[in-house]
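Trainee: Next up is a structure, given as structure tokens.
2 protein chains.
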Amino acid sequence: MSPSRRKPEVRPLEILEAAFHEFGEHGLAGARLDDIARRANVAKGTIYLYFPNKDALFREMIHSTIIESLASAETTMASADDEDTEALLRLLATRWWHLLRTPRMRTLLRLVQGELHRFPDLMAFYADSVTARGRRLAASIVERGIARGEFRDTDPVIAARMFQGLWLSHAMWTEHAALFGLPDTDDTVLAELLDFFLTALRRPTA
Amino acid sequence: MSPSRRKPEVRPLEILEAAFHEFGEHGLAGARLDDIARRANVAKGTIYLYFPNKDALFREMIHSTIIESLASAETTMASADDEDTEALLRLLATRWWHLLRTPRMRTLLRLVQGELHRFPDLMAFYADSVTARGRRLAASIVERGIARGEFRDTDPVIAARMFQGLWLSHAMWTEHAALFGLPDTDDTVLAELLDFFLTALRRPTA
DNA sequence: GTTGTAACTGACTGGTCAGTCAGTTAAAAT
DNA sequence: ATTTTAACTGACTGACCAGTCAGTTACAAC
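If you want it as structure tokens, here you go:
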């Protein structure tokens, strides 16, 4: 095929996008560069103009996907500074729920779990920029609720971790909802999560 | 090397054990049969006396690991039928916590997450025999607590799911405890989990 | 002992795939 | 128009590895 009229520097992005699909489907070792190339409408050699080898491509793909998901989280999470902290938490929780169940996020999570233990620096980057950041945000809201007397007096960071664990695990399960005994509609799951989490957080009925 | 004096039918087990290590470390596509053979002190050909191909070996390995973990769960969970349901739950939770953080369980969980989506029948088997079974057990305890008036009146199955999500996610995180901002000792994490979960479950202070 | 046989070996094969590079082409520079 | 540049191509290579099989060895049967 004749070289497609080159677009300036979108090439690497197209390749990364294709890499995301193939690595996401088959894992690092299972994915083939020929398939990535084909999906990106590019010859295999072109990949090597932008990435030194398969591992590096994988790394860059993960890295950029994390960056991207951070950006999308940032725009999604822009908080309406409501009066009611519970409402604020519900808002955050709902948006997080939808974000986590994005195909993109699902794939990222699977790769983080399944492949990232061989890339400790990437794991650290993920833990720091995604998990820790999210936890801080959640903790700050919990803290606000405590300060205003809406929530029970607990460690906000611990509560935030519980929140993440609950949301994360259930989001993973929704991919096989029937198998794992989840309700039919994902909104019901969210409602259950919120109900449970808020019960743990609210002050005992005085 | 001369053929090691053959033991009767432990061979497949040795091979499965070696397969567990290699697949656990490198994934299905990344693991090499030569390495599995070497680890099992066996020539590569021997593997093919017991398993038709790599995929089948992987399947069998997963299958037998699930079976094995069920057995170990069963012996571990044999419930002391305490008076106090909370104590019973604490006992179950503690044992579950230790079980989940076993290297063997960790690896199994990673493989389930990372590779099993291409083996739907195995995923179903896992979901059914491990997840669902555990959930039923937890739910039955919660139900007992509700019946005896110790716990708040909630759906026991939902509570059991929350329990699993909490324990599972935190167990995964403990593998990189520092990265994910967990306390230094895993026992502290367990205490936090129990504290949070039981707070959600106990009746509001009357 | 001798024979039978099933477990086991490991060199070999054929296919696959990461990575290379000499050549081609679109577009910018002059 | 012509030259220069750099993006791009895809056939090729060499390594690697799943799977094979002719031959070997430990043990059992007699």
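From first to last, the protein sequence lines stand for chains F and U. The first sequence begins at 1 in this note's numbering and counts up by one. The second sequence begins at 207 in this note's numbering and counts up by one. Ideal Cβ placement from N, Cα and C applies to all residues, glycine included.
Exposed or buried, which one is P410/U when buried takes at least 16 other CB atoms within 10 Å?
Mentor: P410/U comes out exposed.
Trainee: Chain U partners of E115/F, CB-CB under 8 Å?
Mentor: Result: G233, G320.
Trainee: Of all the residues that make up the stretch 379-399 of chain U, which are near chain F by a beta-carbon distance shorter than 7 Å?
Mentor: The stretch 379-399 of chain U vs chain F, Cβ under 7 Å: H382, L385, F386, G387, E398.
Trainee: Can you say whether E398/U is buried or exposed, counting buried as having 16 or more other CB atoms within 10 angstroms of its CB?
Mentor: Classification for E398/U: buried.
Trainee: Can you pull the chain F residues whose beta carbon is under 7 Å from the beta carbon of M368/U, in chain order?
Mentor: Within 7 Å Cβ-Cβ: L166, F196.
Trainee: DSSP three-state label for F180/F, please.
Mentor: In this structure, F180/F counts as coil in the three-state DSSP scheme.
Trainee: By the three-class DSSP mapping on this structure, what secondary structure does F357/U have?
Mentor: F357/U falls in the strand class under three-state DSSP.
Trainee: Give me the Cα-Cα distance between G165/F and A139/F, rounded to the nearest whole angstrom.
Mentor: Whole-angstrom Cα-Cα distance: 13 Å.
Trainee: Which residue marks the beginning of the alpha helix (DSSP H) containing T102/F, and which one marks its end?
Mentor: Where T102/F is concerned, there is no enclosing alpha helix (DSSP H), given that its DSSP letter is neither H nor E.
Trainee: Going by the DSSP bridge assignment, what does R133/F pair with across the sheet?
Mentor: According to DSSP, which records beta bridges pairwise, R133/F is partnered with nothing at all.
Trainee: In chain F, which residues lie less than 9 Å from H376/U when you measure between Cβ atoms?
Mentor: Result: R161, M162, G165.
Trainee: Say whether chain F places a C-beta atom closer than 8 Å to the C-beta of G236/U.
Mentor: Taking Cβ atoms only, chain F reaches closer than 8 Å to G236/U, which makes this a yes.
Trainee: Would you call the stretch 154-165 of chain F and the stretch 173-185 of chain F touching, i.e. three or more CB-CB distances under 8 Å?
Mentor: Contact between the stretch 154-165 of chain F and the stretch 173-185 of chain F is absent, because fewer than three Cβ pairs lie under 8 Å.
Trainee: Can you pull the chain F neighbours of A338/U, defined as C-beta to C-beta under 9 Å?
Mentor: Those are L179, F180, G181, listed as they occur along chain F.
Trainee: Please go through the same chain and pick out, in chain order, the residues whose beta-carbon is closer than 8 Å to the beta-carbon of T75/F, but skip the five residues on each side of it.
Mentor: Here the set comprises nothing.
Trainee: Distance, Cα to Cα, D240/U vs A225/U?
Mentor: Going from the Cα of D240/U to the Cα of A225/U covers about 11 Å.
Trainee: Run down chain F in chain order and give the residues with a C-beta less than 7 Å from the C-beta of M329/U.
Mentor: Going along chain F in sequence order, the residues near M329/U (Cβ under 7 Å) are H176, L179.
Trainee: Quick one: is A406/U near chain F, going by C-beta distance under 8 Å?
Mentor: Chain F contact via Cβ: present.
Trainee: Name the chain U residues that come within less than 9 Å of T107/F, Cβ to Cβ?
Mentor: Result: empty, since nearest Cβ-Cβ is about 10 Å, beyond 9 Å.
Trainee: Work out the CA separation of V189/F and H231/F for me, nearest whole Å.
Mentor: In this structure chain F extends from 1 to 206, so residue 231/F is not present and cannot be described.
Trainee: Quick one, which of T102/F, Q113/F, A40/F, I36/F has its alpha-carbon nearest S72/F's?
Mentor: Closest option to S72/F, Cα to Cα, is T102/F.
Trainee: Give a yes or no on whether the minimum CB-CB distance between T411/U and chain F is below 8 Å.
Mentor: For T411/U, the answer is yes, since a Cβ of chain F falls inside 8 Å of its Cβ.
Trainee: CA-CA distance, I36/F and E60/F?
Mentor: I36/F and E60/F: Cα-Cα distance of roughly 14 Å.
Trainee: At which residues does the alpha helix (DSSP H) containing P362/U begin and terminate?
Mentor: Per DSSP, P362/U belongs to the alpha helix (DSSP H) from 362-380.
Trainee: Is there a Cβ of chain U sitting closer than 8 Å to that of I158/F, yes or no?
Mentor: Judged by the 8 Å Cβ criterion, I158/F is in contact with chain U.
Trainee: Anything in chain U within Cβ reach of R104/F, meaning under 9 Å, just list it in chain order.
Mentor: Neighbours of R104/F on chain U: none; closest Cβ ~16 Å, over 9 Å.
Trainee: Taking Cβ positions, are E115/F and L16/F nearer each other than 8 Å?
Mentor: Not a contact, by the Cβ cut-off of 8 Å.
Trainee: Please state if the CB of M283/U and the CB of L298/U are separated by a distance shorter than 8 Å.
Mentor: Closer than 8 Å, so yes.
Trainee: Name, going along the chain, the residues of the stretch 127-155 of chain F whose beta-carbon falls closer than 9 Å to a beta-carbon of chain U.
Mentor: Taking 9 Å as the Cβ-Cβ cut-off against chain U, the residues of the stretch 127-155 of chain F that qualify are A127, D128, T131, A132, R135, R152, T154, D155.
Trainee: On the three-state DSSP scale, how would you describe R208/F?
Mentor: Residue 208/F lies beyond the stretch modelled for chain F, which goes from 1 to 206, so this question has no answer here.
Trainee: May I ask you to report which of helix, strand or coil DSSP gives R59/F?
Mentor: Correct three-state label for R59/F: helix.
Trainee: Among S79/F, D153/F, H117/F, L108/F, which residue has its Cα nearest to the Cα of L168/F?
Mentor: Measuring from the Cα of L168/F, the nearest candidate turns out to be L108/F.
Trainee: Would you kindly work out how many angstroms separate the C-alpha atoms of Y50/F and S69/F, rounded to a whole number?
Mentor: Approximately 22 Å, taken between the alpha carbons.
Trainee: Of all the CB atoms in chain F, is at least one closer than 8 Å to the CB of R316/U?
Mentor: Chain F contact via Cβ: present.
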